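Student:
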Amino acid sequence: MPQNPEKIVDHVQLFQQPEYQELFKNKHEQFEGAHSPEEVQRVSEWTKGWEYREKNFARQALTVNPAKGCQPVGAIFAAVGFEGTLPFVQGSQGCVAYFRTHLSRHYKEPFSAVSSSMTEDAAVFGGLNNMIEGLQVSYQLYKPKMIAVCTTCMAEVIGDDLGAFITNAKNAGSIPQDFPVPFAHTPSFVGSHTTGYDNMMKGILSNLTEGKKKDKTNGKINFIPGFDTYVGNNRELKRMLGLMGIDYTILADNSDYLDAPNTGEYDMYPGGTKLEDAADSCNAEATVALQRYTTTKTREYIETKWKQQTKVLRPFGVKGTDEFLMTLSEMTGKPIPQELEDERGRLVDAMTDSYAWIHGKKFAIYGDPDLIYSVTSFLLELGAEPVHILCNNGDEEFKKEMEAILSASPFGKQATVWIQKDLWHLRSLLFTEPVDFFVGNSYGKYLWRDTKIPMVRIGYPLFDRHHLHRYPTLGYQGGLNLLNWVVNTILDELDRSSNIAGKTDISFDLIR
Ligand code: SF4
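If you read the sequence shown in the UniProt record's numbering, its first letter stands for residue 1, the second for the next number, and so on.
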């Protein structure tokens, strides 16, 4: 039956119609092996046990649902934090379509990134001509203030040299000689989007600050948010710094780009850190990174080249935010204002209100290393007990850091930190050692459907729920949001599991 243009139905209803059902049935019988429902059920049950778990963890050559993105995703995310910047990907179109849609689906915003559209001829002869033409077209058509170049796997496999290509493109007259074109090699067969973020941030800062070092500092502090997808966090950070009266530069602020006001007119480059401020960042007093594992190379660069002090401060939960504010106060001599102290008190009050529901609850978490560190630290403050901590893009350093905070807490003793494991591993863990809730991005939806374990959506990407990324998760205000999401997921589940009248409703209470 064709769609009625007067009443377009969502595919949820559309595919229930008889002709689609018939089509699915035929497809199943003719192309999908057509195992009996009993056989499917038998195998499904087997995959939930310990025997399968052991086989699953012995798996080496295959990754299933890896819970990480590829390097250029992080690189273009970093690039759009700078004013007027167009990300340019040296590689194939298909990859760049994936990067753009991944970010657009999360933010429900357009995301502009161009590709040099390398195809078979470039794979054989190299992508220099694509770069020369691509930079010229991008410069003339989209009128950026800066073009930030990264690569896909294809360009890396054939060995394209970005530095030489950009010089050649400038010599060929594609773009003016003094036009900023920072670059980062971002091979996705190593690392993840967090590595790509770090590579691009280092690439842009080294380009913009070249020859800008002065004898005197500018009195500011630089803040690097890292691959933090909560646009509310940059805004919350600026609000807190404003309350403390600290002069700062955010490297780089993509919150307006990723959450632009709808004015009826399309702006290709909303907001972003001014290029001149970024260029002057090498003259700051210090640089504070809000994430450790997305800023490793950038911090090393800042320390060695700018001779500038760097610190990692993760302002999540009570303890993390306390340390953040107190360290800033020490660094700047500025006192922590009463308004922030009041916010702390309100978070502590809210945690006390919800503590009984969270204390002792077992949980699993997966995501990027710094997000796992921050959210787990906060949940430990609430007496929740992590059991499975899974980080596909975590390394041994991350594992050690996690084990240190787990062993320092009375609630962290039963946790195991799994690095370089995927969501199919997590499925085995959740079935064999169930927990009360798990924390993760939208891909966890399939784990939720399989295991029926309540899911708290925190992380990236969040494709299937709206607006969560607009809230802050850092600072005391952000702590309230994290607390809200966790405790109300637990209470929703309690209502769901106690709502059969006359049977389970003995605890179907109005007041929790
Ligand atoms: S992993 Fe490589 S080939 Fe795949 S989308 Fe990323 S850059 Fe492209």
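The beta carbon of each residue, even a glycine, is placed where N, CA and C say it ideally should be. Note that the structure is predicted; figures quoted are calculated from it, not measured.
(1) Under the three-state reduction of DSSP, which class applies to H185: helix, strand or coil?
(2) Give me the pocket residues for the ligand SF4, defined as CB within less than 6 Å of any heavy atom, sorted by chain position.
(3) Using a Cβ-Cβ cut-off of 7 Å (strictly less than) and excluding sequence neighbours within five positions of A172, which residues of its own chain qualify?
(4) Could you tell me the boundaries of the beta strand (DSSP E) in which K55 lies?
(5) With a 10 Å radius around its C-beta and 16 neighbouring C-beta atoms as the bar for buried, classify D228 as buried or exposed.
(6) Identify the continuous alpha helix (DSSP H) that holds F297 and give its terminal residues.
(7) For the alpha helix (DSSP H) containing N484, list its first residue and its last residue.
(8) Comparing alpha-carbon positions, which option in N484, T85 and L406 lies nearest D353?
(9) In this structure, does DSSP put R512 in helix, strand or coil?
(10) For N4, which residues does DSSP report across the bridge?
(11) Let me check understanding here. Comparing Cα to Cα, which of E236, L243, I250 and K143 lies closest to I221?
(12) Could you tell me the distance, in whole angstroms, from the CA atom of K503 to the CA atom of P369?
(13) At which residue ranges does the segment 103-173 contain complete alpha helix (DSSP H) runs of 4 or more residues, listed in the order of the chain?
(14) With the cut-off set at 8 Å, would you say Q477 and E343 are in Cβ contact?
(15) Examine the Cβ distances between the segment 417-429 and the segment 39-59 and report whether three or more of them are shorter than 8 Å.
(16) Pick out whichever of D495, Y446, N393 and D464 has its Cα sitting closest to the Cα of V190.
(17) Among W306, D178, N168 and H469, which has the Cα closest to the Cα of T213?
(18) Can you have a look at G74 and say buried or exposed, based on whether 16 or more other CB atoms are within 10 angstroms of its CB?
(19) With a threshold of 8 Å on Cβ separation, who are the neighbours of K334 within its own chain once the five nearest residues in sequence on each side are excluded?
(20) My parser needs the beta strand (DSSP E) runs of 3 or more residues fully inside the segment 61-110; what are they?
(21) With three or more beta-carbon pairs closer than 8 Å as the criterion, would you say the segment 67-81 touches the segment 184-201?
(22) For R59, tell me which candidate among R100, H185 and D422 has the shortest Cα-Cα distance.
(23) For D280, I'd like the list of residues in its chain whose CB is within less than 6 Å of its CB, leaving aside the five on either flank, ordered along the chain.
(24) Within a Cβ cutoff of 7 Å, which residues of the same chain sit near H469, ignoring the five residues on either side of it in sequence?
(25) Mapping DSSP to helix, strand and coil, what is R457?
(26) Can you tell me where the beta strand (DSSP E) holding K503 begins and where it ends?
(27) Rounded to the nearest angstrom, what separates A123 and T186 at their Cα positions?
(28) In terms of DSSP beta bridges, what is N222 paired with?
(29) If S92 sits next to T152, beta carbons under 8 Å apart, how far is it from one beta carbon to the other, in whole angstroms?
(30) Compare the C-alpha of E83 against each of E120, W46, R239 and I147 and name the closest.
(31) Give the DSSP-derived three-state secondary structure of I365 in the structure shown.
(32) Check whether the segment 287-296 touches the segment 306-316, counting contact only when three or more Cβ pairs, one atom from each stretch, lie closer than 8 Å.
(33) Output the distance between the C-alpha atoms of Q16 and N4, rounded to the nearest integer angstrom.
(34) Are H359 and V435 close, meaning C-beta to C-beta below 8 Å?
(35) By Cβ distance, which residues of its chain are closer than 7 Å to E493, with the 5 residues on each side in sequence left out?
Tutor: Straight from the coordinates:
(1) H185 falls in the coil class under three-state DSSP.
(2) Answer in sequence order: C70, P72, C95, Y98, T152, C153 and S188.
(3) Result list for A172: I132, in chain order.
(4) From DSSP, K55 is part of no beta strand (DSSP E) but of the alpha helix (DSSP H) over W50 to A58.
(5) Buried, since its Cβ has 16 or more Cβ neighbours within 10 Å.
(6) Reading off the sequence, residue 297 comes out as Lys, not Phe. T296 to Y301 is the span of the alpha helix (DSSP H), which, as asked, contains K297.
(7) According to the DSSP assignment, N484 belongs to the alpha helix (DSSP H) that extends over G475 to R496.
(8) Nearest C-alpha to D353: N484.
(9) Three-state result, R512: coil.
(10) When beta bridges are read from the DSSP output, N4 appears opposite K7.
(11) From the listed residues E236, L243, I250 and K143, the smallest Cα separation to I221 is found for I250.
(12) Cα to Cα, the separation comes out at about 43 Å.
(13) List check, alpha helix (DSSP H) in window: 120-125, 128-142, 153-158 and 162-171.
(14) Their beta carbons are under 8 Å apart, which means Q477 touches E343 by this criterion.
(15) Yes, they touch.
(16) Of the candidates D495, Y446, N393 and D464, the one whose C-alpha sits nearest the C-alpha of V190 is N393.
(17) Note that residue 213 corresponds to Lys in the displayed sequence, not to Thr. Per the Cα distances, W306.
(18) Under the 10 Å beta carbon count, G74 is surrounded by 16 or more other beta carbons and is classified as buried.
(19) Close CB contacts of K334 within its chain, under the 8 Å cut and outside five residues either way in sequence, are with M244, G245, I246 and L328 (chain order).
(20) You should have 85-90.
(21) Yes: at least three Cβ pairs fall under 8 Å.
(22) For the residues R100, H185 and D422, the minimum Cα distance to R59 belongs to D422.
(23) So the list reads N218, once near-sequence residues are dropped.
(24) Around H469, the same chain offers H106, Y107, T229, Y230, V231 and L462 as residues with beta carbons nearer than 7 Å, after the five sequence neighbours per side are excluded.
(25) In this structure, R457 counts as strand in the three-state DSSP scheme.
(26) Segment: none, K503 is in no beta strand (DSSP E) and carries neither H nor E.
(27) Taking the Cα positions, A123 is about 17 Å away from T186.
(28) In the DSSP output, where bridge partners are listed per residue, N222 has T249 and T287.
(29) Indeed they touch by this definition, with Cβ atoms about 6 Å apart.
(30) Checking every option, the nearest Cα to that of E83 belongs to I147.
(31) The answer is strand: DSSP assigns I365 an E or B state.
(32) Proximity of the segment 287-296 to the segment 306-316 meets the contact definition, three or more beta-carbon pairs being nearer than 8 Å.
(33) Between the C-alpha atoms of Q16 and N4 there is a straight-line separation of about 15 Å.
(34) It is not a contact, given that the beta carbons lie outside the stated cut-off.
(35) Result list for E493: P454, in chain order.
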